[in-house]
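Colleague: Here this note's numbering = 1-based position in the sequence shown + 1.
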Amino acid sequence: WLSYFDIFGKSFTKNDNKCDIESAFDPNGETAIFAKYAERSGKKFSQTGIAYVTASSAYNCPSDVIDVGNDSFYTKNEPNSYIEFHFPNHEINPTGYVIKTFRGRHGDGHLKNWKFEGSKDGNKWDLLDSQSDNYDLNGEYKSKSFEIAKCTQKYSHFRLTQTGENHNGNDSLWFSYFDIFGKSFTK
Numbered sequence: 002w003l004s005y006f007d008i009f010g011k012s013f014t015k016n017d018n019k020c021d022i023e024s025a026f027d028p029n030g031e032t033a034i035f036a037k038y039a040e041r042s043g044k045k046f047s048q049t050g051i052a053y054v055t056a057s058s059a060y061n062c063p064s065d066v067i068d069v070g071n072d073s074f075y076t077k078n079e080p081n082s083y084i085e086f087h088f089p090n091h092e093i094n095p096t097g098y099v100i101k102t103f104r105g106r107h108g109d110g111h112l113k114n115w116k117f118e119g120s121k122d123g124n125k126w127d128l129l130d131s132q133s134d135n136y137d138l139n140g141e142y143k144s145k146s147f148e149i150a151k152c153t154q155k156y157s158h159f160r161l162t163q164t165g166e167n168h169n170g171n172d173s174l175w176f177s178y179f180d181i182f183g184k185s186f187t188k
């Protein structure tokens, strides 16, 4: 697996494909939560037991999106497909998030419309960010950070939901990597 620098350096090489990646730090100077814990433990994040990842449906393991080096995660072609992250022993005060696309070409199933939410209990959700008709992620291995405006709450659940068709005109939620920026607190 790749190190923290490999994930978030100016660029890295994966299977001889050059992948442009943004800085590891969000505009507020916070580090990426999944990458930080993976780096500290020396394991893939999915092996740390710090968070559980579930999805509305999946053709492969949902936790693949929190481990660098996996090519893609995708759901069935169903409206409002989502992926959810649960931190049973931690709360996160989020300042942003990053999404990295899969190996598909321009116009493939890359995210175009979505919302990102946080919850304290997994039942009542607060909207943290939404994107509509977004073209920033339409291409192979693109990554983009999105800022969350002045969030003062701490959450133990996060959900990314596709709210409209992707760039291929269907409802499959499809990408390769996801991380949350912010500060982590033990419950």
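Built from N, CA and C at the ideal position, the CB exists for glycine as well.
In this text, all values refer to a predicted model and were calculated from it rather than measured experimentally.
(1) With a 10 Å radius around its C-beta and 16 neighbouring C-beta atoms as the bar for buried, classify residue 106 as buried or exposed.
(2) On the DSSP bridge assignment, give the partners of residue 132 in chain order.
(3) Using the three-state DSSP reduction, which class does residue 154 fall into: helix, strand or coil?
(4) In the DSSP assignment, the beta strand (DSSP E) including residue 60 goes from what residue to what residue?
(5) Relative to the ligand MN, is the shortest distance from any of its heavy atoms to the C-beta of residue 170 smaller than 7 angstroms?
(6) In three-state terms, what does DSSP make of residue 103?
(7) Is the CB-CB distance between residue 87 and residue 53 below 8 angstroms?
(8) Between which two residues does the beta strand (DSSP E) harbouring residue 85 extend?
Modeller: In this structure, then:
(1) exposed
(2) 115
(3) coil
(4) No beta strand (DSSP E) holds residue 60; DSSP gives it neither H nor E.
(5) For the structure depicted, the ligand MN is absent and the ligand set is empty, with no information on it obtainable.
(6) coil
(7) yes
(8) 83-87
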